[in-house]
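Q:
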Amino acid sequence: GQQLNQSPQSMFIQEGEDVSMNCTSSSIFNTWLWYKQDPGEGPVLLIALYKAGELTSNGRLTAQFGITRKDSFLNISASIPSDVGIYFCAGLETSYDKVIFGPGTSLSVIP
Amino acid sequence: DAGVTQSPTHLIKTRGQQVTLRCSPKSGHDTVSWYQQALGQGPQFIFQYYEEEERQRGNFPDRFSGHQFPNYSSELNVNALLLGDSALYLCASSPGGPLNTEAFFGQGTRLTVV
Chain A
1 GQQLNQSPQS
11 MFIQEGEDVS
21 MNCTSSSIFN
31 TWLWYKQDPG
41 EGPVLLIALY
51 KAGELTSNGR
61 LTAQFGITRK
71 DSFLNISASI
81 PSDVGIYFCA
91 GLETSYDKVI
101 FGPGTSLSVI
111 P
Chain B
1001 DAGVTQSPTH
1011 LIKTRGQQVT
1021 LRCSPKSGHD
1031 TVSWYQQALG
1041 QGPQFIFQYY
1051 EEEERQRGNF
1061 PDRFSGHQFP
1071 NYSSELNVNA
1081 LLLGDSALYL
1091 CASSPGGPLN
1101 TEAFFGQGTR
1111 LTVV
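The listed protein sequences correspond, in order, to chains A and B.
For the first sequence, the residue numbers in my numbering are 1 to 111.
For the second sequence, the residue numbers in my numbering are 1001 to 1114.
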């Protein structure tokens, strides 16, 4: 079945550094979503992407819908301690499909 | 405006028992989806309800069933609980029908099967 891979699995960075993570699929997706989950909470939607090549920002976060439609990228600029959490990508092959989540990237920010 | 609320927050059940989890969607939302999140993994889609009908279903056995009420709230029922059913169960709601993928999640119900 459909599967998403996220890399890196975990990362430790210094406060103020920029962060990059990515998500890949074996099949073409027409929607990519990025979520953040804090401990004990449900995921919170950060950015939604609907067109190949689309670049969308939400504050210090920027996400891109890959040209091949098989990948997506999330960048966080000037990281701060509250960026700590698990970042999930999610996607759909078509609008009528169920949402598939990746395994997540765990981010730790060292003050 | 309350967001998505789930109850209970934590639950301990014995293998073989049945459990019912509840979800109230965000105000104005008519579509509810349920996910299972095992420790250290991403959420896995169980099913989605819209207009009181199951619209989509993930790869979960028939032991997992659900219901949506006229006020859009929803229940997830799991029968014959297995140890492997221990997980965080998340409810997500969205407005405008099943094609809107921008869902809001609740805090989840932590189910432990012993």
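Idealized CB from N, CA, C, for every residue including glycine.
These numbers come from a predicted model, not from an experiment.
For B:K1013, which residues in the same chain have their Cβ closer than 6 Å to its Cβ, ignoring the five residues on either side in sequence?
A: Excluding sequence neighbours, B:K1013 sits near V1019, L1081 and V1113.
Q: List in chain order: all unbroken alpha helix (DSSP H) runs of 4+ residues lying wholly within the segment 1033-1070 of chain B.
A: With a minimum length of 4 residues, no continuous alpha helix (DSSP H) run stays inside the segment 1033-1070 of chain B.
Q: Measuring straight from C-alpha to C-alpha, what distance separates A:K36 and B:F1045?
A: Approximately 17 Å, taken between the alpha carbons.
Q: Any beta carbon of chain A sitting closer than 7 Å to that of B:T1101?
A: Output row for B:T1101: interface = yes.
Q: Hey, out of B:N1079, B:S1093 and B:D1085, whose CA is closest to B:E1051's CA?
A: Closest option to B:E1051, Cα to Cα, is B:S1093.
Q: Measuring only between beta-carbons, confirm whether A:E112 sits less than 7 Å from chain B.
A: An answer regarding residue 112 of chain A cannot be provided, because it is not within the stretch 1 to 111 covered by chain A.
Q: With 7 Å set as the bound, which would you pick, yes or no: does the beta-carbon of B:F1060 sit closer than that to a beta-carbon of chain A?
A: For B:F1060, the answer is no, since every Cβ of chain A falls outside 7 Å of its Cβ.
Q: Does the pairing of the segment 22-42 of chain A with the segment 92-104 of chain A give three or more beta-carbon distances under 8 Å?
A: Yes: the two stretches touch, three or more of their Cβ pairs being nearer than 8 Å.
Q: Give me the chain B residues within the contact set of A:P103, using Cβ-Cβ distance strictly less than 9 Å, ordered along the chain.
A: The contacting residues are G1040, Q1041 and G1042.
Q: Comparing the C-beta of A:K51 with each C-beta of chain B, is any distance below 7 Å?
A: Chain B, which has no Cβ nearer than 7 Å to the Cβ of A:K51, makes this no.
Q: For A:L46, name the three-state secondary structure that DSSP assigns.
A: In this structure, A:L46 counts as strand in the three-state DSSP scheme.
Q: Any beta carbon from chain A within less than 7 Å of B:L1090's own beta carbon?
A: So, interface residue.
Q: Should B:H1018 be flagged as near chain A, meaning a C-beta pair shorter than 7 Å?
A: Looking at the sequence provided, one finds Gln at residue 1018 of chain B rather than His. No, B:Q1018 lies away from the interface with chain A (no Cβ there is under 7 Å from its Cβ).
Q: Using only the alpha-carbon positions, how far apart do B:G1084 and B:Q1017 sit?
A: Using only the alpha carbons, I get a separation of about 13 Å.
Q: One question on the structure: do A:S79 and A:V109 come within less than 7 Å of each other, judged by their Cβ atoms?
A: Cβ atoms of A:S79 and A:V109: closer than 7 Å.
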